[in-house]
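Protein chains in written order, with the working numbering: chain A, 6 to 119; chain B, 340 to 453.
Have a look at the structure below before the remarks.
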Amino acid sequence: DTAVSQTPKYLVTQMGNDKSIKCEQNLGHDTMYWYKQDSKKFLKIMFSYNNKELIINETVPNRFSPKSPDKAHLNLHINSLELGDSAVYFCASSQGLAGNYEQYFGPGTRLTVT
Amino acid sequence: AQTVTQSQPEMSVQEAETVTLSCTYDTSESDYYLFWYKQPPSRQMILVIRQEAYKQQNATENRFSVNFQKAAKSFSLKISDSQLGDAAMYFCAYNENSNYQLIWGAGTKLIIKP
């Protein structure tokens, strides 16, 4: 059973397009996250939702918009894609917001913008 | 602001030997949590080990153990009897109950020589 799944795993698209990445967790967790990992492997938090409520909204371009239709899903929509958006995007979930909770990660989506 | 520093961009070790990855952090809090995550070439991020700051005993998980020095704000990971499957990026991370997000180090790439 996949705990945190993301689709697609690979996404190649052209500049200016709009694309979405979907994330689902079957762990019953309350909190979900989106991370961006750049080519140097640095992980940056983008968004966090707790019980469908936006908790963390880091400084990312407003072309990125998360949507949480329910606690088990957190999707990421990206408008007007740019070359600099090329990266691996990870979805993660945790039981809650408390600091001791482990985060469970999806397999990542490698986005390539040409 | 809390920061996490991993001073070793890359480490290599002979198979079956022991290696230690270093991590230091900066915080004014007394209650917090520290994590080591592993990211193999498959990209999947996996929790290796966790330490609660209020616990004096160092955490251990099979061949993985930590040396937690609270006063020095140091949290190193020791891998004993290194195996080829240990080759990965290792990330140190910090969290506290009021922060709502993990603070990540830049990662250390571990190479295992057969």
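A virtual CB, placed ideally from N, CA and C, is assigned to each residue, including glycine.
Quantities reported herein were computed from a predicted structural model and do not represent experimental measurements.
Amino acids of chain B, ordered along the chain, whose beta-carbon sits closer than 9 Å to that of asparagine 62(A): What asparagine 62(A) touches in chain B, judged by beta-carbon distance under 9 Å, is nothing: the nearest beta carbon there is about 11 Å away.
CB contact below 9 Å: lysine 452(B) versus chain A: Lysine 452(B) does not count as touching chain A.
Near-chain A residues of the segment 340-361 of chain B - C-beta to any C-beta below 8 Å: Listed in sequence order: no entries.
Under the three-state DSSP convention, the category aspartate 365(B) falls into: Three-state result, aspartate 365(B): strand.
Contact belief for isoleucine 385(B) with tyrosine 376(B) at Cβ below 8 Å, rounded distance in angstroms: Yes, isoleucine 385(B) and tyrosine 376(B) are in contact; Cβ-Cβ is about 7 Å, under 8 Å.
Contact set between phenylalanine 430(B) and chain A, taken where Cβ atoms lie within less than 9 Å: The contacting residues are Lys46, Leu48.
Assigned secondary structure, leucine 386(B) (DSSP; H/G/I helix, E/B strand, else coil): In the structure shown, leucine 386(B) sits in a strand (DSSP, three-state: E or B).
Interface flag, leucine 386(B) vs chain A, CB-CB below 9 Å: Interface residue, yes.
Start-to-end residues for the beta strand (DSSP E) that takes in threonine 344(B): In the DSSP annotation of this structure, the continuous segment of the beta strand (DSSP E) that includes threonine 344(B) starts and ends at 342-344.
Beta-carbon separation (whole angstroms), glutamate 354(B) vs leucine 423(B), contact threshold 8 Å: Contact between glutamate 354(B) and leucine 423(B) holds: their C-beta atoms lie close to 6 Å from each other, under 8 Å.
Interface flag, alanine 77(A) vs chain B, CB-CB below 9 Å: Chain B contact via Cβ: absent.
Whole-angstrom distance between isoleucine 26(A) and alanine 8(A), CA atom to CA atom: One alpha carbon belongs to alanine 8(A), the other to isoleucine 26(A), and they sit about 17 Å apart.
Per-residue contacts from leucine 416(B) into chain D (C-beta, under 8 Å): The structure shown contains no chain D; its protein chains are A and B.
CA-to-CA distance, leucine 16(A) to valine 149(A), given in whole angstroms: Past the edges of chain A, shown from 6 to 119, lies residue 149(A), and the structure says nothing about it.
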